[in-house]
Amino acid sequence: MANPVNSKALLHSKWTKVVVDHKEKHFEIVTVLFNDNQQVEKCVIQAVMTNKLYDIDWHDLKNDQVWIIGWN
């Protein structure tokens, strides 16, 4: 089943990656930029353990095989 994701509620939302890479399991959305049509233009996710930033297509968060809503 797909994760329900609302683009307007993305900022500061918390996510858990199903397959952990480089001790990066928990993430938080730290930047969401909208264009003039109120569509997401840029979304940046930050790994909690390493503080690394990654640009992400926010639609990818809907894939429950890759992401789980919240920190689990």
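Mind the numbering: the sequence shown is residues -9 to 62 in the numbering used here, read in order. Where a beta carbon is used, it is the ideal one built from N, C-alpha and C, also for glycine. Values in this document were obtained by computation on a predicted structure and should not be read as measured data.
First and last residue of the uninterrupted beta strand (DSSP E) at residue i
{"i": "Gln36", "result": "30 to 37"}
{"i": "Val10", "result": "4 to 11"}
{"i": "His16", "result": "14 to 24"}
{"i": "Leu43", "result": "43 to 45"}
{"i": "Trp57", "result": "57 to 59"}
Buried/exposed call for residue i, threshold 16 Cβ in 10 Å
{"i": "Leu51", "result": "buried"}
{"i": "Phe24", "result": "exposed"}
{"i": "Trp61", "result": "exposed"}
Contact belief for residue i with residue j at Cβ below 8 Å, rounded distance in angstroms
{"i": "Ile59", "j": "Val8", "result": "The pair is not a contact, with the Cβ atoms about 12 Å apart (cut-off 8 Å)."}
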